[in-house]
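*Asks:* Quick one: structure below, then a few questions.
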Amino acid sequence: MASDSTVVLLGERSEIKPRPRGEAQRLSPGRFALVTITLFTFAFLYVPIVVLIVFSFNSARTGATWQSFTLQWYERVFNNPRILEAAANSLIVATLSTFGAVVIGTLMAMAMERYRFRGQSAWDGLLYMPVIVPEIVMGISLLIFFAAANISRGLLTLVISHIAFCMPFVYLTMRARLADFDRSLEEAAQDLGADEWVTFRRITLPLLMPGIISSALLAFTLSLDDFVISFFVTGVGSQTLPVYIWGQIRRGITPEINAISALMLVLSIVLVIVAQLIQRRQRA
Amino acid sequence: MVATPDRIGGFGSEGWVIPEAGTLSEYAVEMRDVSKVFGDVVAVDHVSMGIRQQEFFAMLGPSGCGKTTSLRMIAGFERPTSGEIYIDGKAMGSTPPFQRNVNTVFQSYALFPHMTVEQNISFGLEMKGLSRSEIKRRVGEALELVRLPQMAKRYPRQMSGGQQQRVALARALVNRPKVLLLDEPLGALDAKLRKEMQMELKTLQREVGITFIFVTHDQEEALTMSDRIAVFSKGKVLQIGTPLEIYERPTTRFVADFIGETNFLEGTVQEVNGEFASLIVDGGRRFVGRAMDGVRPGVTAVISVRPEKVQLVEQPDSSPNCYEVQVRSIAYVGSDTRVIVMLGNNQLDVWEQNTISTLDPNYFFKPGETAWLTFKPENALVLAQ
């Protein structure tokens, strides 16, 4: 039926006379302003990133002048044990905190979606407070908390903190998923002899999987990119990549930093695209 | 068009398991004084009824009348607030759905979207721990039964509503439950398919010999398919009976009104004489009909008469229910002519069957004309308010 109406719409549209060419090309002042502002906005957003990537291939050691194309900075990145260690830390923290955030966030979303209890909307509000709380506030409060609890800073504190700020994003994504979930499917499974656990494993979990994967990718990206909170809770020898980069920048920006940044950017973009694709496929 | 008997013969090596008559309790399902309260809403209000073995039983009523809640309590999705449900003589208490020998066909079908038709139908058998070969054989037979043998590898979203409906049916029946619960299963189908499926379901039920409990708000559907009907209203069961009983002898005004069309005339009972009672309606006219429960002289009551049981004649006859009326409008609908007449301030529907083939336009009454309305006392019911 949707396709029928599309056909009708297209049919109607094709009957509208195309504008004469000259008229379309002439720019009115309003249109000119619009185009200019749009171009500037995009330039503002993307030129720095493009420059960063371009200069990661520049053979000049310093400065803003282009010399020649090289891959040596990438080579150095991959041969620098401190960078590799920071990258490994980042991946470990991102993996563990994604796992923790997805498990807790999903179960929490299920509980909030399915049960009605007193003070529920207050709990609901508290659950996504961390999205609103300024990162620096969260970083400082976590630092004070770990100090008070006498937990020495390291990978553990990083993982706990990352779970804390990733969890609300998982929770929000899964709430939206669960709102569309047809509970009669679970009833049908139980009706056919499946107990609660089998129902969860065979019906609920597979049907929620696209949502779980996309929220996991989101959490992974957030964890990987996080600097502010990580900066407060990181310890000696447990620096993540963003914290390491910040440390290096204090001694000046090197093309090596450009190369790491470009790599992180590519990884983040890939993860976000994959998450989007999964969401879109489920909707189709 | 439904699976032929020789196909059915192949359904499982032992055929459909029908227990020995001696071991059966009288009722497949029994509700004893069951109530269900949600917050401060009483969804089901002290309902008691017994659904007999191998019966096609309909729960009929408008939405929110408690019929679906009753079905869900039998399935085990809801627990009664009070009272007890027995399946095959055993009290269900808090037995979870997955331990009850009943299966449900859901209104939305609730087919698992991530599984093929075959996987959907296998699910219940897998849960029972049957062998792979046994599952394969029974799934094949179930698909034959619902006439979808070539659809095994499809996903539900690749099928039409009618086909999905059959898959849902096969998925439930393949488990050979004691009782099959159907929650408005034809609600989402178009009128033509609906009619087809009604006949098919009825035939299928007779062939498999399983008790069917069917929830519907469509009175015609309930009349066509059921052995017995329970009419629900506001959480209560008003009447249980065969379609004939429900239609011809409704015991309350609600049932008379909900099932089929009827004319009501309100008045005061004058006298009760054996099976019959007379009623004085406003305007002083006296009518006679069968006295139903609670009809005593002096009480307010209605006389209910179906439009097809009323005649229009040119001359008054000997019936006590014969009065002069004004013809208001006429609609020719082929099999019969539907007339609206005015009796004082009361409007009545009269359906005259077209028993004579004629093209004469003056054959029947015309709007504005006067006629005599008549119906026999045994065709009308006097119902207490």
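Here the protein sequences line up with chains A and B, keeping their order. Read in order, the letters of the first sequence are residues 78 to 361 in this note's numbering. Read in order, the letters of the second sequence are residues 2 to 386 in this note's numbering. We put the beta carbon where it would ideally sit given N, CA and C, even for glycine. Source: prediction; values computed, not measured.
Can you name the residues of chain B whose CB is closer than 7 angstroms to the CB of G270 (chain A)?
*Replies:* F99, G125, M128 and K129
*Asks:* Does DSSP classify I228 (chain A) as helix, strand or coil?
*Replies:* Coil at I228 (chain A), not helix or strand.
*Asks:* Can you tell me which of B:R133, B:R167, B:E135 and B:V106 puts its alpha carbon nearest to the alpha carbon of L149 (chain B)?
*Replies:* B:R167
*Asks:* Below 8 angstroms on the Cβ atoms is my guess for L284 (chain A) versus L262 (chain A); work out the distance and round it to an integer in Å.
*Replies:* Sure, about 7 angstroms apart at Cβ, within 8 angstroms.
*Asks:* Sorted by chain position, which residues of the same chain lie with C-beta nearer than 6 angstroms to D228 (chain B)'s C-beta, five sequence neighbours on each side aside?
*Replies:* E56 and F57
*Asks:* Of all the CB atoms in chain A, is at least one closer than 8 angstroms to the CB of S26 (chain B)?
*Replies:* no
*Asks:* Which residues share a DSSP beta bridge with C323 (chain B)?
*Replies:* B:T375
*Asks:* Using 8 angstroms as the threshold, is the C-beta distance between D302 (chain A) and S345 (chain A) below it?
*Replies:* yes
*Asks:* In whole angstroms, give me the CA-to-CA distance for P63 (chain B) and K235 (chain B).
*Replies:* 9 angstroms
*Asks:* Would V342 (chain B) pass as a contact of V326 (chain B) if the rule is Cβ separation under 8 angstroms?
*Replies:* yes
*Asks:* Apply the 10 Å Cβ neighbour rule to Y364 (chain B) and answer buried if 16 or more other Cβ atoms are within range, or exposed otherwise.
*Replies:* The C-beta of Y364 (chain B) has fewer than 16 other C-beta atoms within 10 Å across all chains shown, which makes the residue exposed.
*Asks:* Taking the alpha-carbon positions, what's the V383 (chain B) to L360 (chain B) distance?
*Replies:* 39 angstroms
*Asks:* Is DSSP giving A387 (chain B) helix, strand or coil here?
*Replies:* Limits of chain B in this structure are 2 at one end and 386 at the other, which puts residue 387 (chain B) out of reach.
*Asks:* Per DSSP, D184 (chain B) is paired with what?
*Replies:* B:V216
*Asks:* From the beta carbon of S261 (chain A), is the nearest beta carbon of chain B less than 8 angstroms away?
*Replies:* yes
*Asks:* Given E79 (chain B), which residues of its chain have a CB within under 8 angstroms of its CB, disregarding the five upstream and five downstream residues?
*Replies:* K37, T70 and R73
*Asks:* Specify, as a first and last residue, the run of the beta strand (DSSP E) that G84 (chain B) falls within.
*Replies:* S83 to I88
*Asks:* Specify the secondary structure class of Q54 (chain B) as computed by DSSP and reduced to three states.
*Replies:* coil
*Asks:* Where does the unbroken beta strand (DSSP E) through M32 (chain B) begin, and where does it stop?
*Replies:* Y28 to F39
*Asks:* Excluding the five sequence neighbours on either side, which residues of its own chain have a C-beta within less than 8 angstroms of the C-beta of I126 (chain A), listed in chain order?
*Replies:* L342
*Asks:* Which residues mark the beginning and the end of the alpha helix (DSSP H) in which A153 (chain B) is found?
*Replies:* Where A153 (chain B) is concerned, there is no enclosing alpha helix (DSSP H), given that its DSSP letter is neither H nor E.
*Asks:* Per DSSP, D337 (chain B) is paired with what?
*Replies:* B:Q354
*Asks:* Could you say if the segment 348-360 of chain A and the segment 148-158 of chain A meet the contact criterion of at least three C-beta pairs nearer than 8 angstroms?
*Replies:* When C-beta atoms of the segment 348-360 of chain A are compared with those of the segment 148-158 of chain A, fewer than three pairs fall below 8 angstroms, so the two segments do not count as touching.
*Asks:* Looking at the secondary structure, which residues open and close the beta strand (DSSP E) in which I126 (chain A) lies?
*Replies:* Premise fails: I126 (chain A) lies in the alpha helix (DSSP H), P106 to F132, not in any beta strand (DSSP E).
*Asks:* Using a C-beta to C-beta distance shorter than 7 angstroms, which residues of chain B count as neighbours of I280 (chain A)?
*Replies:* Chain B residues near I280 (chain A): F113.
*Asks:* Which bits of chain A does T105 (chain B) rub up against, with CB to CB less than 8 angstroms?
*Replies:* Listed by position along chain A, the residues whose Cβ is nearer than 8 angstroms to that of T105 (chain B) are E264, A265 and D268.
*Asks:* When the Cα atoms are used, what is the spatial distance from V103 (chain B) to F304 (chain A)?
*Replies:* 57 angstroms
*Asks:* Are the C-beta of F78 (chain B) and some C-beta of chain A separated by less than 8 angstroms?
*Replies:* yes
*Asks:* Taking the CB atoms as reference points, tell me whether A381 (chain B) and V314 (chain B) lie closer together than 8 angstroms.
*Replies:* no
*Asks:* With 8 angstroms set as the bound, which would you pick, yes or no: does the beta-carbon of S161 (chain B) sit closer than that to a beta-carbon of chain A?
*Replies:* In terms of beta-carbon proximity, S161 (chain B) stays away from the interface with chain A, with every pair separated by 8 angstroms or more.
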